[in-house]
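Visitor: This structure is in structure tokens; I'll ask about it shortly.
Chains as they are written, first to last, in our numbering: chain A, 1 to 114; chain B, 1 to 114.
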């Protein structure tokens, strides 16, 4: 089955700095890569996603890059703010159908200090 | 995105009892998923709930322990049966609106077993 590794497990940055979280996956047939943010007491919230036919996607301060050859993708957060503090999960899905299931990484706890 | 409501949001239960968790979506969705998130851990898929058919369980999860209902396209229940302290977790409902659509999560049910 699919194996997703996520690094680092914790990340502390100063407000205004950039943060980068990286995930690697094992199944070369995987073609959908979402990122979720989970705040304390809440469920995971989809913040950005990318499909395998795209190398990069950006949404304001958040961007995701994908290297299919190396089988890794990364979340980039620029100009971090204290409200970015949360646990971030990457996920991978194989197939073009919503019926395929997601495999999640173990999560990264991001702490942004004022 | 779909609005997903879970009930109860939290509960404390006695060992050996059962609890049914409800998941209501504000729009019709094809796929509903149930996940478990143990304290400080990632998300583990319990089962996929399809309307009009039996749920599909992942390895390590069985119907006798986690019976699921999916009576229509907007509602599902997960029952945690004969609970033990090891069942203390967050249980999350998730929906996949359709093919090539992102997957969204409810805020979860925080379950503690005494």
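The beta-carbon is built from N, C-alpha and C at its ideal position, and this holds for glycine as well.
Under 8 Å Cβ-Cβ, which residues of chain B neighbour residue 44 of chain A?
Guide: Residue mapping note: residue 44 of chain A aligns to position 44 of the first chain, counting from 1. Simply 43, 92, 105.
Visitor: Nearest CA to the CA of residue 49 of chain A: which residue from A/92, A/3, A/10?
Guide: Stepping through the first chain from its first residue, residue 49 of chain A is reached at position 49. Comparing Cα positions, the closest option is A/92.
Visitor: How is residue 84 of chain A classed by DSSP in three states: helix, strand or coil?
Guide: Position 84 of the first chain holds residue 84 of chain A. Of the three classes helix, strand and coil, the one that applies to residue 84 of chain A here is helix, per DSSP.
Visitor: Could you please give the first and the last residue of the uninterrupted beta strand (DSSP E) stretch that includes residue 111 of chain A?
Guide: Looking up residue 111 of chain A in the first chain gives position 111. Per DSSP, residue 111 of chain A belongs to the beta strand (DSSP E) from 108 to 113.
Visitor: What does residue 102 of chain A touch in chain B if you count any residue whose Cβ is under 7 Å from its own?
Guide: Counted from its first residue, the first chain places residue 102 of chain A at position 102. Residues of chain B passing the Cβ test: 103.
Visitor: Show which residues of chain B have a CB atom less than 8 Å away from the CB atom of residue 106 of chain A.
Guide: In the first chain, counting from the first residue as 1, residue 106 of chain A sits at position 106. In chain order: 41, 42.
Visitor: Can you say whether residue 64 of chain A is buried or exposed, counting buried as having 16 or more other CB atoms within 10 angstroms of its CB?
Guide: Numbered from its first residue, the first chain carries residue 64 of chain A at position 64. By the neighbour-count rule (16 or more Cβ atoms within 10 Å), residue 64 of chain A is buried.
Visitor: Kindly say whether residue 8 of chain A, judged by its beta-carbon, lies nearer than 8 Å to any beta-carbon of chain B.
Guide: Within the first chain, the letter at position 8 stands for residue 8 of chain A. So no, residue 8 of chain A is outside the interface.
Visitor: Using Cβ-Cβ distances below 8 Å, what residues of the region 4 to 31 of chain A are close to chain B?
Guide: Within the region 4 to 31 of chain A, no residue qualifies.
Visitor: Around the Cβ of residue 44 of chain A, are there at least 16 other Cβ atoms within 10 angstroms (buried) or fewer (exposed)?
Guide: Start at 1 with the first residue of the first chain, and residue 44 of chain A comes out as number 44. Buried: at least 16 other Cβ atoms inside 10 Å.
Visitor: Thinking just about the alpha-carbon of each residue, which of A/87, A/113, A/75, A/13 is nearest to the one in residue 40 of chain B?
Guide: Along the second chain, read from residue 1 onward, the residue named residue 40 of chain B stands at position 40. Here the closest residue by C-alpha is A/87.
Visitor: Comparing alpha-carbon positions, which option in B/3, B/28, B/68 lies nearest residue 54 of chain B?
Guide: Walking along the second chain from the start, residue 54 of chain B turns up at place 54. Ranking B/3, B/28, B/68 by Cα distance to residue 54 of chain B puts B/68 first.
Visitor: Which stretch, first to last residue, makes up the beta strand (DSSP E) that contains residue 38 of chain A?
Guide: Stepping through the first chain from its first residue, residue 38 of chain A is reached at position 38. Element bounds for residue 38 of chain A: 30 to 38.
Visitor: Taking 8 Å as the threshold, find out whether the region 4 to 16 of chain B comes into contact with the region 99 to 108 of chain A through three or more Cβ pairs.
Guide: No, the region 4 to 16 of chain B is not in contact with the region 99 to 108 of chain A.
Visitor: Look at the alpha carbon of residue 3 of chain A and the alpha carbon of residue 16 of chain B, and state the distance between them as a whole number of angstroms.
Guide: Residue 3 of chain A sits at position 3 when you count from the first residue of the first chain. Residue 16 of chain B sits at position 16 when you count from the first residue of the second chain. So the alpha carbons of these two residues sit roughly 34 Å apart.
Visitor: Strictly under 8 Å for the Cβ-Cβ distance: is residue 108 of chain B near chain A by that measure?
Guide: Against the second chain, residue 108 of chain B aligns to sequence position 108. Interface residue, yes.
Visitor: For the beta strand (DSSP E) containing residue 14 of chain A, name the first residue and the last one.
Guide: Locating residue 14 of chain A in the first chain gives position 14, where the first residue counts as 1. First-last of the beta strand (DSSP E) with residue 14 of chain A: 10 to 14.
Visitor: Which residues share a DSSP beta bridge with residue 96 of chain B?
Guide: Translated into the one-based positions of the second chain, residue 96 of chain B becomes position 96. Paired residue(s): B/31.
Visitor: Should residue 61 of chain A go down as buried or exposed, given a rule of 16 or more other Cβ atoms within 10 Å for buried?
Guide: Residue 61 of chain A sits at position 61 when you count from the first residue of the first chain. It counts as exposed.
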